[in-house]
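Taken in order, these protein sequences are the chains called A and F. So for the first sequence, our numbering puts the first residue at 4; every next one is plus one. So for the second sequence, our numbering puts the first residue at 6; every next one is plus one. Glycine included, C-beta positions come from ideal geometry on N, C-alpha and C.
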Amino acid sequence: EAGVVQSPRYKIIEKKQPVAFWCNPISGHNTLYWYRQNLGQGPELLIRYENEEAVDDSQLPKDRFSAERLKGVDSTLKIQPAELGDSAVYLCASSLEADQYFGPGTRLLVL
Amino acid sequence: GNSVTQMEGPVTLSEEAFLTINCTYTATGYPSLFWYVQYPGEGLQLLLKATKADDKGSNKGFEATYRKETTSFHLEKGSVQVSDSAVYFCALSDRGATNKLIFGTGTLLAVQP
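What follows is the structure in structure tokens.
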């Protein structure tokens, strides 16, 4: 069974530029999560989707972050414009029931 | 609010040594508890879990017991290997409508041959 797929794996951009991350969850998993992991910290939830509906986006900085999950499968997380403090690893996870399965993450560096 | 506290690392051990990584939690209700492992350059992998008091989760020689009276979920392994070198995260989930995972800060384990 294929795991959660994320791309790109690494991204380096200059501040004020836009950036987007893509996630393909495990087939059949209706719940999708985006987490941000700062250096030396544990992941923190940004947004959770049930199918195509965002059911928890309370931690998403909505002035610059946006996300979508069209058709309830793949998801895209966007930052526009990026700031230096957005440098982190962005993790996508999916679940069918309680257990969450994580992708390898996208490591973002904002210069 | 809910939170997880785990011992700071790095933890450096020799191969075949006994491992303990402490984890305590604060939560309302009855959370599920997890240990995730992150190998260098990889995403988080679920290592083990426990969903109610006195449950013991186990996998790959690792164990952790859900202790409600001490609000703890310490990770143990009797004999570590070099391949166990990774960052270990303790986490809880409220099992409610959000199923949100709350993680500790992670503990780096380095096993030397």
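- Any C-beta of chain F sitting closer than 9 Å to the C-beta of T34(A)? Sequence index remark: in the first sequence, residue 34(A) carries index 31 (1-based). It does: the Cβ of T34(A) has a partner Cβ on chain F nearer than 9 Å.
- Query: So A115(F) and F39(F) are in contact, right, with Cβ under 8 Å, and what is the actual spacing, rounded?
  - Reply: For the purposes of this step, residue 115(F) is taken as residue 110 along the second sequence, with counting starting at 1. For the purposes of this step, residue 39(F) is taken as residue 34 along the second sequence, with counting starting at 1. Contact flag wrong, Cβ pair sits at about 22 Å.
- Message: What does the alpha-carbon distance come out to for the pair E56(A) and E47(F)?
- Response: Position 53 of the first sequence holds residue 56(A). Position 42 of the second sequence holds residue 47(F). CA-to-CA, the gap between E56(A) and E47(F) works out to about 28 Å.
- Which residues in chain F sit within 9 Å of F68(A), going by Cβ to Cβ distance? Here residue 68(A) is taken as the residue at index 65 of the first sequence, counted from 1. Here the premise fails: no neighbours, minimum Cβ distance about 17 Å.
- So which residues of chain F does G43(A) contact, with C-beta pairs closer than 8 Å? Here residue 43(A) refers to the residue found at position 40 of the first sequence. Per Cβ cutoff of 8 Å: T110 and G111.
- Message: So for S84(F), helix, strand or coil by DSSP?
- Response: Here residue 84(F) is taken as the residue at index 79 of the second sequence, counted from 1. It is coil, neither helix nor strand.
- Message: Here's a check: name, in chain order, each residue in its chain whose Cβ is nearer than 7 Å to the Cβ of H32(A), leaving out the five neighbours to either side.
- Response: Taking the first residue of the first sequence as position 1, residue 32(A) is located at position 29. Correct list, in chain order: S97, S98 and L99.
- Item | Segment contact flag, the segment 68 to 82 of chain F with the segment 4 to 18 of chain A, C-beta cutoff 8 Å, min 3 pairs | no
- Query: Taking Cβ positions, are D59(A) and L48(A) nearer each other than 9 Å?
  - Reply: For the purposes of this step, residue 59(A) is identified with residue 56 of the first sequence, where counting begins at 1. For the purposes of this step, residue 48(A) is identified with residue 45 of the first sequence, where counting begins at 1. Yes, the Cβ-Cβ distance between D59(A) and L48(A) is below 9 Å.
- Task: Could you tell me if P45(F) is buried or exposed, where buried requires 16 or more neighbouring beta carbons within 10 angstroms of its beta carbon?
- Result: On the second sequence, residue 45(F) is found 40 positions in, with the first residue counted as 1. P45(F) comes out exposed.
- Message: Within a Cβ cutoff of 6 Å, which residues of the same chain sit near G14(F), ignoring the five residues on either side of it in sequence?
- Response: Working through the second sequence from its first residue, we reach residue 14(F) at position 9. Closer than 6 Å at Cβ, skipping near neighbours: T112 and L113.
- Span of the beta strand (DSSP E) around K54(F): Working through the second sequence from its first residue, we reach residue 54(F) at position 49. Start and end: L49 to A55.
- Residue range of the unbroken beta strand (DSSP E) whose run includes L97(F): Within the second sequence, the letter at position 92 stands for residue 97(F). Per DSSP, L97(F) belongs to the beta strand (DSSP E) from A91 to S98.
- Message: At the level of alpha carbons, what is the spacing between S88(F) and D66(A)?
- Response: Reading the second sequence from its first residue, position 83 is the one you call residue 88(F). Reading the first sequence from its first residue, position 63 is the one you call residue 66(A). Those two C-alpha atoms are separated by around 42 Å.
- Message: One question on the structure: do D77(A) and N27(A) come within less than 9 Å of each other, judged by their Cβ atoms?
- Response: Taking the first residue of the first sequence as position 1, residue 77(A) is located at position 74. Taking the first residue of the first sequence as position 1, residue 27(A) is located at position 24. Yes.
- Indicate whether V42(F) and F108(F) have their beta-carbon atoms separated by less than 9 Å. Numbered from 1 along the second sequence, position 37 holds the residue referred to as residue 42(F). Numbered from 1 along the second sequence, position 103 holds the residue referred to as residue 108(F). No, Cβ-Cβ distance for V42(F) and F108(F) is not below 9 Å.
- Message: Quick check: V113(A) and E86(A), are their CB atoms within less than 9 Å of each other?
- Response: Walking along the first sequence from the start, residue 113(A) turns up at place 110. Walking along the first sequence from the start, residue 86(A) turns up at place 83. Going by C-beta atoms, V113(A) is nearer than 9 Å to E86(A).
- Query: At what residues does the beta strand (DSSP E) containing K61(F) begin and finish?
  - Reply: As a position in the second sequence, residue 61(F) is number 56, starting the count at 1. Per DSSP, K61(F) is one residue of the beta strand (DSSP E) stretching across K61 to N64.
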